[in-house]
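Student: Chains as they are written, first to last, in this note's numbering: chain P, 1 to 115; chain A, 1001 to 1113.
1. What is the DSSP secondary structure of residue 1056/A, counted as helix, strand or coil?
2. Label residue 34/P either buried or exposed according to how many other C-beta atoms from any shown protein chain fall within 10 Å of its C-beta, with 16 as the threshold for buried.
3. If the criterion is Cβ atoms closer than 8 angstroms, does the pair residue 952/A and residue 1078/A meet it?
4. Does residue 75/P get closer than 8 angstroms to chain A when you measure Cβ to Cβ?
5. Could you tell me which of 1027/A, 1002/A, 1009/A sits nearest to residue 1074/A, measuring between CA atoms?
6. Let me know the secondary structure DSSP gives residue 1071/A once reduced to three states.
7. Check whether chain A comes within 8 angstroms of residue 1/P, counting only Cβ atoms and requiring the distance to be less than that.
8. Helix, strand or coil for residue 1042/A per DSSP?
9. Would you mind reading off the limits of the beta strand (DSSP E) that contains residue 1109/A?
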């Protein structure tokens, strides 16, 4: 029978370009967000986080932007390198009202960087 | 760097056999998670523990899967009997108390033939 796989959105960029990966979250009560990077054959790796009282946070070559009005999160990678090729997941903590907080992961975006 | 250690990295087994996957969380982390990742379903949360007590295993098929934490340095995920549809990568992750990021292990790639 036919198999249906998880179709990840894919972003293809050239080395040296800036990349922007977007994520829409569903819970307006979410108060903490994380971006993870997963390279082939490895587990997800923490990249950067942001709390809901912030709009922007910068790391080394990465910036996360949070727009709570439209429930949108983005990850910007400056001067993208071939080593940045991976699947990127956003994750949210749904807020203290739910008791023990579990991260809720998005489906991921595949970033392909061409030399 | 502190890391979550999972063993084995790869496991190939025949349908019907028992499979045990192990995880050593980061020392001091009090919450441990088991995830399964497949192309079809993405990352699925199977079970998690806090201070070694199981909090939620609603993501696991109860009839064949079991998860335990015999002590603070070891978490296990067992499948008995295994089926081909269990083929996936199983990740363990640990986290400190409070709100914070999870640290994932490198996963166990399970193939059931």
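Yeah, the Cβ is synthetic: ideal placement off N, Cα and C, and Gly gets one too.
Just so it is clear, the structure is predicted and the values come from calculations on it, not from any experiment.
Tutor: Let's see:
1. Locating residue 1056/A in the second chain gives position 56, counting from the first residue. Correct three-state label for residue 1056/A: strand.
2. As a position in the first chain, residue 34/P is number 34, starting the count at 1. Answer is buried; the Cβ neighbour count reaches 16.
3. Outside the displayed range of chain A (1001 to 1113) lies residue 952/A, so it cannot be described from this structure.
4. The count along the first chain starts at 1 and reaches residue 75/P at position 75. For residue 75/P, no Cβ of chain A is located within less than 8 angstroms of the residue's own Cβ.
5. Mapped onto the second chain, residue 1074/A falls at position 74. With distances taken between Cα atoms, residue 1074/A lies closest to 1027/A.
6. Taking the first residue of the second chain as 1, we reach residue 1071/A at position 71. DSSP places residue 1071/A in strand when its eight states are reduced to three.
7. For the purposes of this step, residue 1/P is identified with residue 1 of the first chain, where counting begins at 1. Only weak support exists for where residue 1/P lies, its pLDDT of 35 falling under 50; the value from the coordinates is given anyway. Taking Cβ atoms only, chain A never reaches closer than 8 angstroms to residue 1/P, which makes this a no.
8. For the purposes of this step, residue 1042/A is taken as the residue at position 42 of the second chain. Strand.
9. Counting from one through the second chain, the residue named residue 1109/A turns up at place 109. Where residue 1109/A is concerned, the enclosing beta strand (DSSP E) stretches over 1108 to 1112.
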